[in-house]
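Everything on this sheet refers to the single structure shown next.
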Amino acid sequence: MSTVVTKMHADEVELDVTSVRNLLTEQFPHWADLPLSRLASAGTDNAMFRLGPDMVVRLPRIAGSAGQVAFEQRWLPRLAPELPTPVPVPLGHGVPGTGFPWHWSVFRWLDGENPTVDQLDDPARLATDLAEFITALHRVAPDGPPCSRGRALSTRDEPTRHALSQLDAEIDVPAVTALWEQALRVPAWTGAPVWLHSDLSPGNVLHDQGRLSGVIDFGAAGTGDPAVDLLPAWNLLPASVREEFRTATGVDAATWARGRGWALSISLIQLPYYLHTNPALVASSRHVLREILADAAIE
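For the sequence shown, the positions run 1 to 299 when full-length UniProt numbering is used.
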């Protein structure tokens, strides 16, 4: 059965099983006859196709994500051995061909499923596993390029306020604006940069029987302020284990506050952009806003 794909970007290329199989036939003929199917995903930058029992083909959907391929091909083999959780391992590096304009990748398949908010088997265990992954990543020598989400939170002010201007009918704009302005007043990071995943959303986390089983999509990774990697505190983990997660990550109060600011900004910008095209991201954005407003109400 084919997967129904909703177009989310004006410049998005069309990809289907036939076009991907043509690329495989041209460049990796030894894999071309394996079963191939498109995976349903809330991802916005890349399309994924399951290839045989233990591989996945990942291709950019838009020009803006095409540069992620070279980054992941170079840096994932460097990071993987130093992390306690499986991450994608590149098996093949595809190039433009048969009408597809960008580089693309074949990765080893990672078992597990994306966790669902409020339906976690063991939230405390997952919080601990995520904290272990994050702290291990932050300990890796920061020899990579700067991450766009590793910069000062103030660099997000203009797009965040633009998003707020589009959300009068969707959220409590005055209350959320006040929280955003509060986040902007938090002291900036003055420590050395660290490696960041920077997009630890439920769609990029895999779990199995309550345990973290994989972390995927390192296309936005890089080095900078560790705050953005605290996103799971609001986009995935329930409030009941939030303090446990915070303690396990060992971050200071300012970093925690900046992390909440990043969660706020990312959700606000996503909400109007994907309002009619990506229900999963919209639901996640609304969840984050509710969690942050609830946090503020008890502080």
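Using N, Cα and C, we set each Cβ at its ideal position, and we do this for glycine too.
Spatial distance of residue i from residue j (CA atoms)
i: Val194; j: Ala248; result: 17 angstroms
i: Trp102; j: Gly94; result: 8 angstroms
i: Leu212; j: Val205; result: 7 angstroms
i: Val288; j: Glu243; result: 16 angstroms
i: Ala283; j: Val13; result: 25 angstroms
i: Cys147; j: Gly191; result: 15 angstroms
i: Val117; j: Gly259; result: 19 angstroms
i: Gly250; j: Arg290; result: 25 angstroms
i: Ser19; j: Ile62; result: 16 angstroms
i: Gln166; j: Pro272; result: 7 angstroms
i: residue 341; j: Glu113; result: Look at the range of the chain in this structure, 1 to 299, and you will see that residue 341 is not part of it.
i: Arg151; j: Ser198; result: 11 angstroms
Residue of the options minimising C-alpha distance to residue i
i: Ala221; options: Asp33, Phe49, Ala70; result: Ala70
i: Val87; options: Phe218, Ser265, Leu196; result: Phe218
i: Ser265; options: Asn278, Val241, Ser240, Ala178; result: Ala178
Neighbourhood of residue i by C-beta distance below 8 angstroms, restricted to the same chain and skipping five residues each side
i: Thr255; result: Trp189, Asp225, Pro226, Ala227, Leu230
i: Leu184; result: Leu153, Ser154, Asp157, Gly261
Which of helix, strand or coil DSSP assigns to residue i
i: Pro272; result: helix
i: Glu132; result: helix
i: Ser201; result: coil
i: Arg21; result: helix
i: Trp256; result: helix
i: Val57; result: strand
i: Pro146; result: strand
Residue interval of the alpha helix (DSSP H) (run including residue i)
i: His162; result: 157 to 164
i: Phe71; result: 68 to 79
i: Ala294; result: 279 to 298
Span of the beta strand (DSSP E) around residue i
i: His30; result: His30 -> no beta strand (DSSP E), and no H or E assigned at all.
i: Trp234; result: From DSSP, Trp234 is part of no beta strand (DSSP E) but of the alpha helix (DSSP H) over 232 to 235.
i: Phe107; result: 104 to 108
Close beta carbons around residue i, own chain, < 6 angstroms, minus the five adjacent residues each side
i: Leu36; result: Val17, Arg21, Phe49, Leu51
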